[in-house]
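Residue numbers (the working numbering): 6 to 119.
Pasting the structure below:
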């Protein structure tokens with residue numbers, strides 16, 4: 006059985022953050038979900054889902070070498086992509102954020118280990 010990238014409780018938190026952003030609130034939440042591509046340096050820390058398009062998630066992404074970048078990603082595209090040896094994107098089930106998204110985005114060299 007494939008792993009669910011965004012479990013229901015995280016999805017609901019991310020939708021709520023998306024509603025706040027759409028309402029113009031300035032938020033800097035803790036990352037809710039950490040996704041990664043095994044065998045590569047790619048990592049995504051996500052904080053919100055667009056309430057009008059549940060396939061769009063916002064956060065920071067990094068390839069493990071360059072500085073992290075804010076942006077939107079497609080959940081369906083992440084679910085479909087395969088990396089080295091055909092491995093799919095996975096969720097870090099033990100991820101425990103150590104600070105708001107902005108702290109991760111300011112890290113140099115693409116390292117999200119905290």
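From the three backbone atoms N, C-alpha and C, an ideal C-beta is built for every residue, glycine too. Small disclaimer: the values here were computed from a predicted structure and weren't measured.
Looking at the unbroken alpha helix (DSSP H) that takes in residue i, where does it start and where does it end?
i, result
"residue 80", "80–85"
"residue 66", "Segment 58–67 is the beta strand (DSSP E) holding residue 66; no alpha helix (DSSP H) there."
"residue 106", "106–110"
"residue 21", "13–27"
If you draw a straight line from the C-alpha of residue i to the C-alpha of residue j, how long is it?
i, j, result
"residue 94", "residue 68", "13 Å"
"residue 52", "residue 89", "26 Å"
"residue 15", "residue 72", "26 Å"
"residue 21", "residue 107", "18 Å"
"residue 9", "residue 44", "19 Å"
"residue 13", "residue 98", "13 Å"
"residue 103", "residue 29", "25 Å"
"residue 86", "residue 47", "12 Å"
"residue 57", "residue 92", "30 Å"
"residue 65", "residue 74", "5 Å"
"residue 27", "residue 111", "24 Å"
Suppose the cutoff is 7 Å on Cβ atoms and the five residues either side in sequence are ignored; what does the same chain contact list for residue i look like?
i, result
"residue 55", "23 and 61"
"residue 100", "39"
At what residues does the beta strand (DSSP E) containing residue i begin and finish?
i, result
"residue 50", "48–55"
"residue 41", "38–41"
So, for residue i: in the same chain, excluding its five sequence neighbours on each side, which residues have a beta-carbon less than 6 Å away from its beta-carbon?
i, result
"residue 77", "61 and 63"
"residue 25", "32"
Whose C-beta lies closer than 8 Å to the C-beta of residue i among residues of the same chain, with five residues either side of it excluded?
i, result
"residue 11", "19, 38, 51, 54, 62, 80 and 96"
"residue 35", "52, 102, 104, 105 and 106"
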